[in-house]
Each structure stands twice: as structure tokens, then as C-alpha cells.
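For reference, each letter of the sequence shown is one residue, going -19 to -1, 1 to 375 in mature numbering (1 follows the signal peptide of the UniProt record, and there is no 0).
Where a beta carbon is used, it is the ideal one built from N, C-alpha and C, also for glycine.
The structure presented is a predicted model; accordingly, all values stated were derived computationally and were not measured.
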Amino acid sequence: MKKALSLMLGLLLVFGVFAPSGEARRSDFKLGNEVFLEKYAYLINGKRVGLVTNQTGVNSQGKSTISVLAEYPHATLTALYGPEHGIDGKAKAGAYVESSMHPTLKIPIYSLYGKTRMPTAKMLENIDVLVFDIQDIGARSYTYISTLNYCMKAAKQNNKTIVVLDRPNPLGGTIVEGPVLEDKYKSFVGVDNLPMTHGMTIGELALFFNRNIGADLHVVPMEGYTRDMIFQDTGLRWVQSSPLIPDLQSVFGYAATGLGEGTGIFQADAFKWIGGKGIDSKKYAALLNKAGLPGVTFIPEKRGSAGGVRLKITNYHAFNPAKTGIYALAYAHSLNKFKVPKSGKTIVMFDKIMGTDKIGKYLSQGLSPQQIEANYAPQLNKFKQERKQYLIYN
């Protein structure tokens, strides 16, 4: 029975489309989920386990953490929890996801992007330990880290232990950029006072979040990981993290092209293009290329009635997605004077993505991207100092 179950899990639970990273795997590198049962199994031995995961929750061999924990004889996997896009990662952005029953394990799959985004007491009643294993993409507005934050709060409220299996920040751990989110603008696309790109792993973020939560938190660290590593340096294969993030170009392009919510400036081709109506593609490319943004060049490319540019990332280690995104917005505004959404009684999505209403005001005032950078620099520098105490890796 156990062997049959293992075979079915191998066939059914290894989700995702793998994309080669282009690098040989480092022999000394291990994900948190590979270190977990080797050195931290005591955290779940003899206990009922709930697992927050999706198709990205796999080890370096592509085996899902669902399979690993279902087969582990010293603990009992009793519940699964899925974030935005569902546990298989196939639902569209923002789409309501229903809870369901796992077809072979016969345990509940609770949706954390349906009736609730935080696990309820009912959802947690049959577990002792909540384990989190999801690959993030390093940008504040990507909601998997919001799900982590909400799970930590639920664990605290319901007296459950939470264990975070650490994973790389694909953008690396050294580039920290963008305006820092202000309390007024907290939402599910900005759950804590982070800049647009924070340069922290999911485990480091958990430690940062816990300063205000106080959960019984345990982070299982990676081995062989250093701050200067981007995803390509791990030798892992990228698992499509959501429908519009199929590959590493999209991961790096997300914070550079996906900031224009409500402005008419939009991304296309899975975050590899940015533009809008009323923009001269050649002028836009010239402005961006003249700015000397690191690790990227811009190729003029019209899409239908919209002018814009395609990003060609030439150096992934040097590329700064959030900085690039601020410049792309500022230069787009200089060309087509798009109307900046403004918050009133309701906070508009543009300000939620920015984490503040100041960027919109700066754009409306016609400030240059260099001036905008200088204005948010003090808050960013303060965050850089604060985050140091939560960093795990050198």
C-alpha cells in the first residue's frame, strides 16, 4: 500500500514545467527542504503536519515536498494549503480558488485565495505544525510572501509552530531598491514595510515579519548559499511560479515592467516588454538607454497601437529591476503624460503597488527618475540598516 502510494505521488504530485537554469548545480548547495529531514526532523516527528505549498515546492531533483512529507514515516501529513494561483499554480492572477480534497492522499487542500486569505482556526485544528515551502520571486507585490505573513499570524493566533523551508531569492541578496511601503498602504500586495525589491530570502523575510508577530517560528536554512548568488548560480531548474512567470527573464522583469497599474502603462510578453499608447518607441528606448541602467538594454518595439520597449537583460547580477521600473515609469510619463491614479477614501492599486502615494505625486510634478530616487533614498537606507539583523547568509 505504501509503495503504491509512493508511486502515485511520484506521478501526480511533482508539479510544474521545468526550465533549465543554464548552470551546473553546485555540489555544496542544498535547499531548506533538503536540509529539513536531515537535520530538523525533530520539529515534526510524532506530529500532525500542515503544508503550505504549490508546484514550486520541490527539491533539486524535482520531487515535491508533498511527496516527501507524505512518505515520511515519523509524522503525518494531514492538510495542504495553497496560495494565489492554487496549489498547482494554474489559476489566473486574482482568480478565486476553491478549497478541495487531494485525490490520492484524501486530505483537504485549503485555499488561501478564496473565502479567506488567512488560515482559519478550523483549517488548523487537525495540525500541530505548519510548514511553508513556496518559491518567491523577490518582489514585494508578489503575493506568496503575503501568504507567508498571514500564515505566521494564524499560527500565532492558534498556538501552532510554523516552519519555513528556506529558498533562494532569485534576484539575489544584494540589490535592495524602491520606495519603502508605508503603513497606510499595507494590503495583500504589500504586507509589510519592505521596499519593492528587498534582497531577502523567504526565511529571512519570515524573521523580519516575526518582529511584529511573535510566532513560534523556525527557519530551516539552505546550505552553500551566499548573498551574491542569483537563481542561476544555484544550478536549480526554475519551476514556473505562476501563469505569467514561466522563466527567469520574467522573474527579473516583473518589478521592472509591472508597476503601471491604472496608468495605461502596461507589461506584455510575461514582463519582458513595457509601454503604452502615445509613446514613441524610439524616443522611449533612447531615454532609457541613455540613463545607463545596469545590466539591461532597451529595444524599441511597438505592440499594436502602443509604443514601448523590450528589455534585454545583459547582466543578471547587475540588473536592478525596481530601479529600472521607476525609470521606465518616469520616462513614460514624460512622453505621454499619463494620468496618475490618486487615492481618496479608497487606496488605488497604483499606490498599493508603490507602497505610498508619493511616487504618483512625483510623477505628476514631472520629477526626473533621479529626483524620485533621491526622495525615497532616506527611507530605503533606513530599511537597509534594519534588515541586517534578520539576514541569515553572508
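Subject >> Asn296, buried or exposed, once every other Cβ within 10 Å from all chains shown has been counted against 16 >> reply: exposed
**OP:** Tell me Pro302's beta-bridge partners as DSSP assigns them.
**Re:** DSSP output for Pro302 lists no bridge partner at all.
**OP:** Go to Ser92, then tell me how far its beta strand (DSSP E) extends in each direction, as first and last residue.
**Re:** Pro89 to Ser92
**OP:** Would you mind giving the Cβ-Cβ distance between Met203 and Leu344, rounded to the nearest angstrom? I have them listed as a contact below 8 angstroms.
**Re:** With 8 angstroms as the limit, Met203 and Leu344 do not qualify as a contact, their Cβ atoms being about 39 angstroms apart.
**OP:** Would you check if there are 3 or more beta carbon pairs closer than 8 angstroms linking the segment 135 to 148 to the segment 12 to 23?
**Re:** yes
Subject >> As assigned by DSSP and simplified to three states, the class of Lys(-17) >> reply: Its pLDDT being 37, under 50, Lys(-17) is placed unreliably by the model, and the measurement read from it follows with that caveat. In the structure shown, Lys(-17) sits in a helix (DSSP, three-state: H, G or I).
Subject >> Short Cβ contact (8 angstroms threshold) for Pro206 with Leu268 >> reply: Reading the sequence as shown, one finds Tyr at residue 206 and not Pro. No, these two residues do not count as a Cβ contact at 8 angstroms.
Original post:
Hey, Lys293 and Ile280 are a contact pair by Cβ (cut 8 angstroms); roughly how many whole angstroms apart?
Top reply: 6 angstroms
Subject >> Close-in-space but distant-in-sequence residues of the same chain around Thr128 (CB under 6 angstroms, 5 per side omitted) >> reply: Pro64 and Leu93
Original post:
Can you tell me whether DSSP reads Arg98 as helix, strand or coil?
Top reply: coil
**OP:** State the Cα-Cα distance for the pair Thr142 and Lys165, rounded to the nearest angstrom.
**Re:** 30 angstroms
Original post:
So what does DSSP say about Thr57, is it helix, strand or coil?
Top reply: strand
**OP:** Measure the CB-CB distance between Arg121 and Pro176 and report whether it falls below 8 angstroms.
**Re:** A contact, by the Cβ cut-off of 8 angstroms.
**OP:** For Glu367, count neighbouring C-beta atoms within 10 Å of its own C-beta (all shown protein chains included) and say buried if the count is 16 or more, exposed if not.
**Re:** exposed
Subject >> 8 angstroms Cβ cutoff met for Ala303 and Gly257 >> reply: no
Original post:
Tell me which same chain residues have a C-beta within less than 7 angstroms of the C-beta of Glu185, skipping the five on either side of it?
Top reply: Tyr371, Leu372 and Ile373
**OP:** Check whether the Cβ atoms of Phe212 and Leu229 sit closer than 8 angstroms, and answer yes or no.
**Re:** Leu229 is positioned such that its CB atom lies closer than 8 angstroms to that of Phe212.
Subject >> Spatial neighbours of Gly3 in its chain, beta-carbon cut-off 8 angstroms, leaving aside the 5 residues before and after >> reply: Its pLDDT being 45, under 50, Gly3 is placed unreliably in this model, and the value from its coordinates should be taken loosely. Closer than 8 angstroms at Cβ, skipping near neighbours: Gln213.
Original post:
Does the beta-carbon distance from Leu162 to Thr178 come in below 8 angstroms?
Top reply: no
Subject >> Residues of its chain near Gly67, where Cβ-Cβ distance is below 6 angstroms and the 5 sequence neighbours each way are ignored >> reply: Closer than 6 angstroms at the Cβ level, and outside the excluded window around Gly67, lie Val78.
Original post:
Nearest CA to the CA of Ile126: which residue from Asn107, Ser168 and Ala76?
Top reply: Ser168
Subject >> Per-residue DSSP class, three states only, for Asp228 >> reply: Reduced to three states, the DSSP call for Asp228 is coil.
Subject >> Asn35 versus Tyr91, Gly27, Thr238 and Gly75, residue with shortest Cα-Cα distance >> reply: Tyr91
**OP:** Would you mind stating whether Ala251 and Pro227 have Cβ atoms separated by less than 8 angstroms?
**Re:** With contacts defined by Cβ atoms closer than 8 angstroms, Ala251 and Pro227 form a contacting pair.
Subject >> Cβ-based burial, Ile209 [other Cβ within 10 Å; buried from 16] >> reply: Before going on, a small fix: residue 209 reads as Asp here, not Ile. Asp209 is exposed by the Cβ-count criterion.
Subject >> Inter-residue Cα distance where the pair is Ser80 and Tyr62 >> reply: 9 angstroms
Subject >> 8 angstroms Cβ cutoff met for Ile108 and Gly31 >> reply: yes
Subject >> Same chain, Cβ closer than 7 angstroms to Leu310, neighbours up to 5 away in sequence not counted >> reply: Leu240, Gly241, Ile246 and Leu344
Original post:
Nearest to Leu316 by alpha carbon, out of Lys137, Gly347, Phe233 and Val201?
Top reply: Taking each of Lys137, Gly347, Phe233 and Val201 in turn and checking the Cα distance to Leu316, the smallest one comes out for Gly347.
Subject >> 7 angstroms CB neighbourhood of Asn130 in its chain, flanking five on each side removed >> reply: Val172, Asp173 and Phe190
**OP:** Run the CB neighbour count on Lys(-18), radius 10 Å, all protein chains shown included, and call it buried at 16 or more, exposed below.
**Re:** Only weak support exists for where Lys(-18) lies, its pLDDT of 37 falling under 50; the value from the coordinates is given anyway. Label assigned to Lys(-18): exposed.
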